[in-house]
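In what follows, a single structure is set out as structure tokens and then discussed.
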Amino acid sequence: MTATEPSECRMANDIALNLAHLPAGQAATELAGHIGRFWDPRMRTRLRALVDSDAPGVHPLVVQAVKLLR
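Rendered as structure tokens:
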């Protein structure tokens, strides 16, 4: 992560790291649920755009979670 990394990426990555002790599928489901329940729609849109653009530094669990949100 870098200081210029978008805040949605940084926040999603932090949550993913906290869920990394779970099996990957469960962690992605939990992360998607958290993002769906607590994130503003604009934040979800920006996160989807980051994932869609293959932005560097996006944790693989975040990518999986975004796929679940679609």
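Letter by letter, the sequence shown follows residues 29 to 98 of the working numbering.
We put the CB at the ideal spot given by N, CA and C, even for glycine.
All values derive from a computational prediction rather than experimental measurement.
Segment limits, alpha helix (DSSP H) that includes residue i
i: residue 42; result: 35-47
i: residue 80; result: 69-80
Three-state secondary structure assigned by DSSP to residue i
i: residue 51; result: coil
i: residue 94; result: helix
Beta-carbon contacts of residue i that lie in its chain and below 6 Å, excluding the five residues immediately before and after
i: residue 95; result: none
i: residue 36; result: 71, 74 and 75
Contact check, residue i vs residue j, beta carbons under 9 Å
i: residue 83; j: residue 59; result: no
i: residue 76; j: residue 97; result: yes
Own chain partners of residue i with C-beta closer than 7 Å, once the 5 adjacent residues on each side are dropped
i: residue 39; result: none
i: residue 91; result: 79
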